[in-house]
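Beneath this line is the structure, given in structure tokens, with notes to follow.
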Amino acid sequence: MHVGSAIVVMTTSLVMSTARLQEERRTNHKQPIGHVAVVGATHGNERMGLVIVDELRRAPPTCAFELSVLVGNEAAVVATGTGAGLRYVDTDLNRCFALDDLAREGVPDASEERRARELDRLLGPKRSAQPRCDLILDLHSTTSNTGVLLCLHPRDTFALELAAHLTSLDPTIRVALWPDTDDVALLPTIARSGLTIEVGACAHSTVVYSLLVRMRQVVLDALAYVELHNACLRAGGSGGAGGDAGERRQSELSLYKRAYTLDYPRTDGRVSAFIHPMLQGVRELVEPLQLSAPIFASLDGSVARLSAVLPALEEGEELFPMFVNEAAYVEKDVALILASRERREVAFWARGE
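Numbering-wise (the numbering used here), the sequence shown opens with residue 122 and increments by one.
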């Protein structure tokens, strides 16, 4: 066997084992949830999650399962000494949870890389088929007008079920999918199941009260659903019937996934056009953009429309704006994301009438 062939075989085997591991550890509707973690301030300047964490610590809800309430990035929260916080100290914590990164013990690293390994030891490990935590709810805020947005892995069956339940309570909630890969580097992936709860629009280091109330309600509704899920399994077993506790219902869930990532137009490396005022602040993931929709505007008065930004796009192809002009994404060269939509039938527990 050639050396090159051996490398290919070994790499393929590693990828397959990672895929099998992630499928084995993901929670599905036939498994009870024994441990839930609520994490706020994974980004230290997103204060709403921090407020929710503080409240849950002061007045924890009554749960029949284990509930952990954590500050994700304490170092970034206190970094400025003003209460405003920083997104991160050295690097984005919410990009530090890839398996290889979590295995880099004992090498010079960033504050957030060390914190990622601490969280992995506490709630994971991600490399185990039996992590300590069954479900992570990771609380975030964004400067873009997402409203309440749930983000999850497309093959995380329990997170999909939970999202279906939450959207049945509040149809304005939107659901977005992470990339369909086996090793997403986000914090919720160290548990068996994970959900990012994103709310916006909210400036960094601030709290928007109406969004804070909605975030708290989503968290409480999610915890209540875990109780219902467990009660239905106890009452009816794992066969899909929940006895007197509840019944399975079907819901058609709209799921949005990244199709295009657009940078700001640049001249000699510098941003030369900006989000058009007709796109700025638009309620995201509600209406698809028309080909004639203005995307960027320059100070010389020129306008770049969707048809010019994506010339290969065909009439009738639905694309929805997401994370428009998100302040934290400027450093990542992201002006906005365009998402496609799919619809999927998802079953979830509902209380019996």
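Don't be surprised by glycine CBs; every beta carbon is placed ideally from N, CA and C.
Sequence-distant residues of the same chain with beta carbon closer than 6 Å to residue i, five excluded per side
i	result
V190	V159, V174, L177 and R178
L459	A380, Y381 and L440
Y209	A197 and E233
C217	E233, E234 and A237
S134	Low confidence applies here, because S134 scores a pLDDT of 45, under 50, leaving its location unreliable; read the following figure in that light. There are no such residues.
Q383	The residue you asked about is not Gln; residue 383 is Leu in the sequence shown. Cβ neighbours of L383 beyond the five flanking positions: A456 and L457.
D277	R147 and S314
A127	The predicted position of A127 is uncertain, since its pLDDT is 38 and thus under 50; a value taken from the coordinates is nonetheless stated next. Contacts found: none.
A468	R369 and Q371
N215	T163, L307 and L308
Cβ-Cβ separation, residue j to residue i (assumed contact under 8 Å), whole Å
i	j	result
A343	L283	6 Å
G206	R168	7 Å
G161	V199	Not really, about 14 Å apart at Cβ, beyond 8 Å.
I475	L240	A question about residue 475 goes unanswered here, because the residues of the chain that appear run from 122 up to 474.
P386	A425	7 Å
S262	G170	7 Å
W299	L307	7 Å
D259	T388	The pair is not a contact, with the Cβ atoms about 37 Å apart (cut-off 8 Å).
P415	L434	Not really, about 15 Å apart at Cβ, beyond 8 Å.
L273	L316	5 Å
Candidates the options: closest to residue i by CA position
i	options	result
D301	R208, N149 and L376	L376
S413	D221, E348, R295 and P432	P432
L457	R464, E447, E466 and R465	E447
V157	G165, Y346, R404 and T264	Y346
L271	R391, V340, T327 and A237	V340
G202	T212, A425 and N166	N166
T148	W470, A280 and T288	A280
T293	F417, E466 and L374	L374
G422	D303, E438, F395 and E435	F395
G268	L332, E435 and A250	L332
G390	D454, E435 and F186	D454
P442	V228, L287 and G402	G402
Q152	L256, H286 and E408	L256
R372	S289, F186 and H350	Note that residue 372 corresponds to Ser in the displayed sequence, not to Arg. The option with the nearest alpha carbon to S372 is S289.
E452	P181, V172, S138 and D213	D213
E187	R253, Y450 and R462	R253
H150	L223, V328, E368 and D291	E368
D221	P182, V305, N194 and L316	V305
Q143	N194, V328 and P275	P275
S419	V228, E436, D365 and V392	V392
I154	G473, L354 and E463	L354
E466	R337, Q411 and A285	A285
A180	V296, R337, V228 and A297	R337
Contact set for residue i: own chain, Cβ-Cβ below 7 Å, skip 5 residues either direction
i	result
V124	Note that V124 has pLDDT 37, beneath the 50 cutoff, so the model's placement of it is unreliable and the number below is only indicative. The answer is none, since no qualifying residue turns up.
S265	G321, A322, E405, F444, V445, N446 and E447
V130	Bear in mind that the predicted position of V130 carries a pLDDT of just 39, short of 50, making it too unreliable to give a figure here.
E145	A250
L287	L271, I294, V339, D342 and A343
A471	G367, E368 and R370
M122	Caution is warranted here: a pLDDT of 37 is assigned to M122, below 50, making its placement in the model unreliable, and no coordinate value can be reported.
S326	N166, R168, A205 and G206
V328	R168, M169 and V172
R409	The residue asked about is misnamed: residue 409 is Pro in this sequence, not Arg. Only E439, L440 and F441 meet the Cβ criterion.
G473	D365, G367 and E368
D211	A231, S232 and E233
Own chain, CB closer than 8 Å to residue i, minus 5 neighbours either side, in chain order
i	result
F417	Y385, P386, A394, F395, I396, H397, V424, A425, V430 and A456
A140	D303
A449	H164, R208, T263, T264 and H325
R464	E373, L374, S375 and L376
Cβ-heavy atom distance, residue i to the ligand SAH, below 6 Å
i	result
P182	For the structure depicted, the ligand SAH is absent and the ligand set is empty, with no information on it obtainable.
**Report entry** Contained alpha helix (DSSP H) runs [length at least 4] in the region 212–241, N- to C-terminal order
**Finding:** 220–223
Report task. Please list the segments of the beta strand (DSSP E) lying wholly inside the region 312–378, counting only runs of 3 or more residues, in order along the chain. Result -> 314–321
Query raised in the report: Are at least three pairs of beta-carbons, each pair with one atom in the region 423–437 and one in the region 245–255, less than 8 Å apart?
Result: As far as the Cβ criterion goes, the region 423–437 does not touch the region 245–255, which means the pair count is below three.
**Report entry** Ordered list of alpha helix (DSSP H) runs contained in the region 245–298, each at least 4 residues
**Finding:** 278–290
**Report entry** 3-residue-minimum beta strand (DSSP E) runs that sit fully inside the region 432–470, ordered along the chain
**Finding:** 441–443
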